[in-house]
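full-length UniProt numbering puts the first residue of the sequence shown at 1, with every later residue one more than the last. We put the CB at the ideal spot given by N, CA and C, even for glycine. Structure, as structure tokens:
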Amino acid sequence: MANLLRWRVATFNVDLNYIVPGLNTQFLGTTRKRSMKLNLSPTIATLAIIVGMAGTSQAKTPITSAQTVFAETDGIAAVEAEHFFDQQKVDTRAFYLTTSETQPKFSPDGDPPHVGGASNGAYLEILPDSRRNHGEKLIKGTNFSSTPGELAVVSYKINFQNPGRYYVWVRAHSTGSEDNGIHVGLDGNWPDSGKRMQWCAGKRTWHWESKQRTEKQHCGEPYKIFLDVPTAGVHTVHFSMREDGFEFDKFILTQNRDFQRPDDVGPAPVVHAGPQPPTFAYVEAPAATNDAPQPTADANTHQQNGGHQDAAKSLAMTASSFTLDGTGFYLHNGKWAAVNPDRNKSGLAGKTFPFPSGKYHVTLEAVGESDGESTYQVMADDRTIGQHQCPLSDKMFEAGSRYNKTWKSVDLTEGDVIKVKATIASKDGQEYSRARWAAVRFEPADDATLAAAQPFLKAAAVAKNEPAKSAKPATSPTTPVSTEPLIQPRGADGDGSIAVSGTLEAWHKVTLTMNGPFAHEQDNEPNPFTDMDMTVTLHHDDGTTYVIPGYFAADGDAANTSADQGNQWRAHFAPDRPGRWTYKVSFRRGDGAALDRDADAETVSPFDGQSGTLKIAASSADKDSFRSKGRLQYVGQRYLQHADSKEFFLKAGADAPETLLGYAEFDNTIAGKKDRVPLKTYQAHIRDWQDGDPTWADGKGKGLIGAINYLSGKGCNAFSFLTYNAGGDGDNVWPFIDRNDKMHYDCSKLDQWGIVFDHGTDRNMYLHFKMQETEIDDHHRGHNGSANSVPESLDGGNLGDQRKLYCRELIARYGHNLALNWNLGEENTQSTQQLQDMINYIDALDAYDHNVVLHTFPNQQDKQYRPLIGDKSKLTGLSLQNSGIKDTHWQTVKWVRESTAAGKPWVVAFDESGTAAHGQCPDLGYEGYDGRDNSGEMTYTEHDVRRQTLWGHLMGGGAGVEYYFGYKYTQNDLVCEDWRSRDRSWDYCRIALEFFKDNQIAIQELMPSDEVIGNNLTNGSNEANAKYCLANPGNLYLVFLATVGETELDLSGVDGEFEVGVFDPRKGGDVNYDGTTVQGGSKVTLKSPAAGEKSADDWLLVVRRK
């Protein structure tokens, strides 16, 4: 059986320890996000059932007779938790008995027994306990259940003399934020008044409570937990799991609404009938303890003059003062540097020593942890001051002097770089510490140093006693259009029925539209965008599963009607294979339900649970269509790959205008800078619209639809656009109903956007979603801006409700498209942690795993990209920008090589080549363009762009280009409405794409290899850009001669004969093989047709093994 488990779990990708309580099985798989595509064969499904049954047998059986009935007397009943007569639903989690002599052995179980103080000397705990805090993974149906009666149900018989309403009190012991909830029911029913019992007070002790968690009060509201007993006689009371790790001691049912919380174990149970249940030896409660994080012991000030602090004893470099981005650390609770074991094993941070030179006692303030003994190294420059292994704590984590380490009389010089390296550890090989540390302190060790440091010590004492200055805001303002809870009048709710529309073929858009609850875009309580969650799970007969977020769709035809209210809810699906798919809808309501799948929310009838079947046929699309080739996927290589055809993808298209969606024919689209950036009409492209193409609202949209037709008709396959730019350069694109209301989305406008994006997919276009721009991505205006409040930013750059909702709406509405990337932001300057949070949220929500890329300023690339490279993040690509087209090639080569060396090749695209003023110039002759910008400065022509941007990038191993238009040309980046301004450049793009396709170049096998043609330069000089080489050494060499007519190719160490062909990158056509060959074994000379001439023509030489 063990071997079977090891063999099959490699494809199962589910952690069996989460499925089976106590199963100690080593396995080869990894836990994946729920929105993953899960391949589950019937064999594996059977295996899961078998293993689950094994777990059931371990559940604790009742210790109380089924004939034992407890008594209610005078409106009150009390029962010990361990005296249940039946336990059901134990395959995944179960209640286990703990006494002074019986303690269940489970891993994980994050806290020690708490028998002391337990009534009757015993209590129950729900085990295993795999989630003890918000940082640990929540798995619905495993370590959390919002559905009463779903997991671990214990039952008790009580005879009631007095029917009526009984308020439920429970005595529990909670040590964290994720072990403090349970459900209660009666006679097999689970009323709303029994859901979500919640504890916040009384942590780390046995505590009576009777509160229900609600949307407005997560710590619970009193008087809301009760059972209505309908008749006198025997009834069965049930409790079921909400959170694992819950410790359950006793419960009371009372008809007294104002019952006073007992300060002891409460009233004694009374047996009405049947055998007396067993008792256990009572254990006295220990002295009060606190498992919470403790503050650092403060021995840092001298006390004089009756306690007045006139000087500090030591100087501190706190962890929060170090720059932690890219160091392997994150900041925990705003004060401790810590390592996330899921991402890193260690961290290394440094900061310049700001105090006077001298001799100091140096103290590292580490944090004790219960999971392992972290190790630390403190250095001054590269000199080790000392090392430290932090002892274990019996609490989850705590600070204090016993965890600190001091090194005496260390000589330090002002300007030294103080470095802290911290490495995680594990005491059991399962759970890891986080190598937390709070500060490095420096106490003057001699009189000279004390005298020199005295001004700093006094300043530290003053600062300690001053109130903290206000920090920059952690979020950003949002102003609702309406403050009313619900917009009146209300329409009728739907009946839950689902209509299926679209083309029921693989790789086509299939839409499920539900007649759901009525809502208005401006509703607040609940907000249909944040508090109503429609999610659809689709399951193929072969086990493949997708989890797709849905969205509020107003009347279901808002693109045409401009509706802002209705009862239509919608989800889009692009099936990846033919066959039978079943779907099931989850519909929940609760505070933030749509933003967090783990939010505390209730299911909504009759919408929740609706299901059906889809019969999907094989795609009938043309073989060159995306709808035949399949979705573009990141497959661990430098190029995206079509899922069905397995072809690798190169892109070429338009990066401008970035304000593409600032279109006059979209609903509620307003020009924030109408004089500089007016709304677009795309008048020049109306003639490109064709009969049968989509429009909306009686013929709107022809200009923009026609523009896409034109660009795709030129042979290009990509275009980009900002989906939010309020406060940015254009200030005319936002998805909300109002520029300042970030929590309510415009259904009709977004449906109209969707028509454009769907048309792009139909025309085989790659959609480049630029999700924000530098002016508004955080609380800095651009990369040189100082920190302050940027009200247009989403959550000030953090992953809060505004940003979560924004990501969800884009993914839910447009994620079904087959070729796209989510660009985290144009010229992005967010912190590494902010980017990681956003990447991970998108990754968890996007079932299709689209390419996630990052764009930043040319001089910010190392700062922004390096902390995310390799396995440091889930980023899959880059969107590069430079300050001159001459830098395109070497920067492409740099990131292709660095990401490959890091073990995770990025999809490296160049989307903004050229200066801010001069990107892709217009064609010579367009509106009189002669190489000069609108200020008269001579710049360059489309021929320079072809050589250095297009071919320079492709020959560097890049994944493709998009052309940015600058701001000093006609038809520039912000105002362009005529893509014909670069008509010849689009031809050059088509020619390049056709070369790789028609000649079946295996681009994934090629690497930049300039060295073999004698180009060892890594800069933007003329010499470096004279020639490039992309090669599969020993098999194929592509040699691009940009400005020279000949070159040497080093074939030393390579045997065999190679044929040489010539390709014209200006005119295209076939590769011309005229019989020229070269022999391996030495350097050979290659010549273009322009060799010996003064022609500036560029040529591509193809050297292929015969």
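Hey, residue i and residue j are a contact pair by Cβ (cut 8 Å); roughly how many whole angstroms apart?
i: T530; j: L595; result: 6 Å
i: G1068; j: I1001; result: Actually they do not touch by this definition, with Cβ atoms about 14 Å apart.
i: I1003; j: L661; result: With 8 Å as the limit, I1003 and L661 do not qualify as a contact, their Cβ atoms being about 32 Å apart.
i: L880; j: D729; result: That pair is no contact at about 19 Å.
i: A319; j: A448; result: 29 Å between Cβ atoms; not a contact.
i: E178; j: E243; result: 5 Å
Judging by CA-CA distance, which residue of the options is the nearest neighbour of residue i?
i: T73; options: G699, A901, V271; result: V271
i: F353; options: A337, L364, E414; result: E414
i: F248; options: Q752, D887, H114, A268; result: H114
i: T68; options: D86, G75, L794; result: D86
i: L810; options: L722, H759, A319; result: L722
i: A1042; options: A338, L1100, D179, G1068; result: L1100
i: Y969; options: T475, I418, A656, F329; result: A656
i: T231; options: R196, Q690, D187; result: D187
i: V1012; options: F329, G928, E1005, L1036; result: L1036
i: E209; options: G1092, W169, L1086; result: W169
i: S146; options: A1090, D598, D849; result: D598
i: G925; options: E912, T941, G919; result: T941
i: G609; options: S620, T537, D624; result: T537
i: residue 1110; options: L324, D998, A707; result: For the chain, the structure presents residues 1 to 1106; residue 1110 sits outside this window and is missing.
i: T561; options: W696, D533, T681; result: W696
i: A559; options: L324, P528, N668, N740; result: N668
i: R131; options: R196, T142, Y123, F769; result: T142
i: F736; options: P480, S314, Y360; result: P480
i: A601; options: W890, R196, T582, T323; result: R196
i: D382; options: Y360, S346, G350, L1051; result: G350
i: I520; options: S482, V547, L504; result: Rather than Ile, the amino acid found at residue 520 in this sequence is His. Out of S482, V547, L504, S482 has the C-alpha closest to the C-alpha of H520.
Anyone know if the C-beta pair for residue i and residue j falls short of 7 Å?
i: C989; j: A652; result: yes
i: A643; j: P578; result: no
i: F1040; j: W895; result: no
i: Q772; j: Y724; result: yes
i: Q834; j: G797; result: yes
i: P477; j: P791; result: yes
i: S65; j: P275; result: yes
i: E665; j: G701; result: yes
i: V908; j: T888; result: no
i: K250; j: L348; result: no
i: Q255; j: G164; result: yes
i: K89; j: V154; result: no
By the three-class DSSP mapping on this structure, what secondary structure does residue i have?
i: L1101; result: strand
i: K33; result: Interpretation of K33 is limited by its pLDDT of 32, a score under 50 that renders its predicted location unreliable; the figure taken from the coordinates is listed afterwards. Three-state DSSP puts K33 in coil, outside helix and strand.
i: G1092; result: coil
i: M1; result: Because the pLDDT at M1 is just 28, under 50, the model does not fix this residue reliably, and the value given afterwards should be weighed accordingly. Coil at M1, not helix or strand.
i: S1082; result: coil
i: Y432; result: coil
i: T900; result: helix
i: K1087; result: strand
i: S130; result: coil
i: V237; result: strand
i: K427; result: coil
i: T1076; result: strand
i: P709; result: In the sequence as presented, Pro is not what sits at residue 709; that position holds Asn. DSSP places N709 in helix when its eight states are reduced to three.
Any heavy atom of the ligand NAP closer than 6 Å to the beta-carbon of residue i?
i: L364; result: As far as ligands go, the structure on display features none, and thus does not contain the ligand NAP.
Next item on the list: Check whether the segment 399 to 407 touches the segment 362 to 375, taking contact to mean three or more Cβ pairs, one atom from each stretch, closer than 8 Å.
Entry: yes
Notebook entry, point to check: Taking one C-beta from the segment 864 to 879 and one from the segment 927 to 935 each time, how about it: are there three or more such pairs within less than 8 Å?
Noted result: no
Item checked: Cβ contact (3+ pairs, closer than 8 Å) linking the segment 976 to 986 and the segment 1045 to 1058 -> no
Checklist line | the segment 444 to 460 / the segment 486 to 498 touching (three or more Cβ pairs under 8 Å) | finding: no
Checklist line | Segment contact flag, the segment 823 to 831 with the segment 847 to 858, C-beta cutoff 8 Å, min 3 pairs | finding: yes
Next item on the list: For the segment 604 to 617 and the segment 734 to 754, state whether three or more C-beta atom pairs, one from each stretch, are separated by less than 8 Å.
Entry: no
Notebook entry, point to check: Do the segment 626 to 646 and the segment 940 to 949 make contact, defined as three or more Cβ pairs closer than 8 Å?
Noted result: Because the criterion of three Cβ pairs below 8 Å is not met, the segment 626 to 646 and the segment 940 to 949 do not touch.
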